[in-house]
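Using UniProt numbering, you'd call the opening residue of the sequence shown number 1 and step up by one each time.
Below is one structure, written out as structure tokens; the observations come after it.
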Amino acid sequence: MNELDRAGQAGRESSTEAGIEGGIEAGPEAGEDAERYRRRRLDEELIDAYDEELEMEVDDRLQEAGLEISDDVRALRRVYFRELIRLQGELVKMQDWIVSTGHRLVVIFEGRDAAGKGGVIKRITQRLNPRMCRVAALPAPNNRERTQWYFQRYVQHLPAGGEMVLFDRSWYNRAGVERVMNFCTDEEYEEFFRSVPEFEKMLVRSGIQIVKYWFSITDDEQEMRFQSRIEDPLKQWKLSPMDLESRRRWEQYTHVKEVMLQRSHIPEAPWWVVQGVDKKRARLNCIHHLLSQVPYHEIEHPSVTLPARVHHPDYIRQPVPENMFVPDIY
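As structure tokens, then:
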């Protein structure tokens with residue numbers, strides 16, 4: 001058991017199941033009233049929004065801003081960052097292996113709004129070569145795309161040799177939001193479930209590895225994250241009218257999620273459920289699991305020697321005009 005597990009074990013053992021999806025969520029601490037608990041959770045959401053590179057250095061500023069951060073949370077964050085950096089190092093090795101072998105990898109991230117899909121994608125890609133690791137987050141289909149074969153607009157984003165593509169939502173939109181919001185007919189919905197197993201089997205036969213994740217959160221946790229987006233000016237762009245409507249239709253989304261997992265869970269491309277109430281644990285667990293799904297190993301490379309700079313005695317460097325420089329404001 002690592003330090004992160006030990007630090008969170010007591011909280012997990014005392015947690016209770018909450019919400020329709022049955023995730024695990026810690027409630028108010030002893031002696032903490034509902035409003036204080038709500039304020040603390042919103043503070044934790046704001047703390048989590050700070051950039052990963054800076055978060056370890058801003059504790060004093062967070063306290064000056066009136067945000068609550070306990071010693072336990074501070075210690076847990078230190079362990080989290082240590083594990084995250086270690087796992088990101090393994091992701092770099094994995095990408096190196098993918099590039100060297102010509103492997104093709106598709107990772108699908110599905111889940112409710114505010115479930116944490118974007119957060120884990122950000123941490124996966126943070127230190128990878130963006131030329132060989134792409135994120136596909138498609139907007140709603142345009143009029144032309146609506147008349148195409150349903151999978152057609154996704155096919156163009158599939159990886160070539162040596163590439164990995166992370167789908168921030170995917171062709172499973174039809175099984176989720178399109179079904180709940182009546183953006184597809186009953187016939188189109190049924191045709192999707194007839195087609196998607198064969199479509200994914202075809203991709204796997206062609207040499208593309210598919211890993212599918214569903215991020216699961218509770219009703220209360222989604223409400224807290226939406227409230228955080230309302231109160232935080234840096235997050236308000238994340239909250240759309242569709243998010244608000246999805247909140248109202250929680251139970252409908254639960255039903256279509258259950259159908260989707262049942263009807264599209266195949267041996268060639270199984271679903272994996274990530275408990276997403278604790279964002280940091282969810283990120284580490286998902287990255288650790290993804291690494292376990294790819295048969296990578298460290299690639300040996302010849303040592304690199306920096307060549308000497310070539311000097312041309314006849315070259316005279318021209319001065320840059322002052323008006324071309326960006327002003328030194330800082």
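Virtual Cβ for every residue (Gly too), placed ideally from N, Cα, C.
Fair warning: this is a prediction, and the values are worked out from it, not measured in the lab.
Can you tell me whether residue i is buried or exposed? The criterion is at least 16 other CB atoms within 10 Å of its CB, across all chains shown.
i, result
"threonine 218", "buried"
"proline 241", "exposed"
"methionine 324", "exposed"
"isoleucine 230", "exposed"
"glycine 22", "Its pLDDT being 41, under 50, glycine 22 is placed unreliably by the model, and nothing is read from it."
"glutamate 278", "The residue you asked about is not glutamate; residue 278 is aspartate in the sequence shown. Buried: at least 16 other Cβ atoms inside 10 Å."
"aspartate 328", "exposed"
"asparagine 142", "exposed"
"glutamine 209", "buried"
"histidine 103", "buried"
"isoleucine 287", "buried"
"aspartate 71", "exposed"
"glycine 89", "exposed"
"isoleucine 316", "exposed"
"valine 326", "exposed"
"alanine 282", "buried"
"histidine 148", "Just to set this straight, residue 148 is glutamine in the shown sequence, not histidine. Exposed, since its Cβ has fewer than 16 Cβ neighbours within 10 Å."
"arginine 123", "buried"
"aspartate 33", "exposed"
"glutamine 318", "exposed"
"glycine 119", "buried"
By the three-class DSSP mapping on this structure, what secondary structure does residue i have?
i, result
"glutamate 29", "coil"
"residue 338", "Within the shown structure, residues of the chain are numbered from 1 to 330, placing residue 338 beyond reach of any answer."
"alanine 308", "coil"
"serine 292", "helix"
"histidine 297", "coil"
"residue 353", "The requested residue 353 is not part of the displayed model; the chain covers only 1 to 330."
"leucine 234", "coil"
"serine 195", "helix"
"leucine 138", "coil"
"methionine 202", "helix"
"glycine 175", "In the sequence as displayed, the identity of residue 175 is alanine instead of glycine. Three-state DSSP puts alanine 175 in coil, outside helix and strand."
"aspartate 43", "helix"
"proline 319", "coil"
"asparagine 182", "coil"
"serine 100", "helix"
"arginine 327", "The question names arginine, but residue 327 in the sequence shown is proline. Of the three classes helix, strand and coil, the one that applies to proline 327 here is coil, per DSSP."
"leucine 239", "coil"
"phenylalanine 226", "helix"
"serine 15", "Low per-residue confidence applies at serine 15: pLDDT is 35, beneath 50, and the placement is therefore not dependable enough to give any value."
"isoleucine 69", "coil"
"arginine 38", "helix"
"aspartate 314", "coil"
"glycine 89", "helix"
"glutamine 252", "helix"
"residue 378", "The question about residue 378 has no answer here: the residues shown for the chain are numbered 1 through 330."
"glycine 119", "helix"
"residue 350", "The first residue shown for the chain is 1 and the last is 330, placing residue 350 beyond what the model contains."
"arginine 144", "helix"
Among all the DSSP beta bridges, which residues are the ones paired with residue i?
i, result
"glycine 111", "Phe215"
"glutamine 209", "Leu105"
"glutamine 275", "Ser216"
"methionine 164", "Leu105 and Cys133"
"isoleucine 266", "Ala269"
Taking the CB atoms as reference points, tell me whether residue i and residue j lie closer together than 8 Å.
i, j, result
"tryptophan 272", "lysine 212", "yes"
"valine 320", "leucine 105", "no"
"methionine 224", "arginine 41", "yes"
"phenylalanine 167", "valine 107", "yes"
"glutamate 110", "arginine 153", "no"
"glycine 276", "glycine 116", "yes"
"glutamine 156", "methionine 132", "no"
"serine 264", "alanine 175", "yes"
"leucine 87", "leucine 261", "no"
"phenylalanine 226", "arginine 247", "yes"
"glutamate 163", "valine 204", "no"
"serine 216", "valine 274", "yes"
"residue 360", "glutamine 252", "Given that the chain is displayed from residue 1 to residue 330, the structure contains no residue 360 and the question cannot be resolved."
"alanine 140", "glutamine 222", "no"
"tyrosine 296", "lysine 93", "yes"
Sort the options by Cα distance to residue i and report the nearest one.
i, options, result
"tryptophan 97", "Gln318, Cys286 and Ile299", "Ile299"
"arginine 77", "Tyr330, His297, Lys280 and Asn285", "Lys280"
"isoleucine 85", "Gly176, Glu191 and Arg127", "Arg127"
"alanine 137", "Arg146, Ile121 and Trp149", "Ile121"
"serine 206", "Pro159, His297 and Pro307", "Pro159"
"phenylalanine 193", "Tyr150, Gln222, Val135 and Lys235", "Tyr150"
"threonine 254", "Val177, Ala140, Arg74 and Ala282", "Val177"
"valine 135", "Gln222, Ala114, Ala75 and Val165", "Val165"
"cysteine 184", "Arg146, Asp220 and Ser100", "Arg146"
"glutamate 258", "Arg38, Thr125, Ala75 and Arg112", "Arg112"
"glutamate 188", "Asn173, Pro313 and Met202", "Asn173"
"proline 197", "Ile266, Asp220, Trp250 and Asp243", "Ile266"
"arginine 234", "Ala308, Glu45 and Arg38", "In the sequence under discussion, the amino acid at residue 234 is leucine, which differs from the arginine named in the question. Nearest option by C-alpha distance: Glu45."
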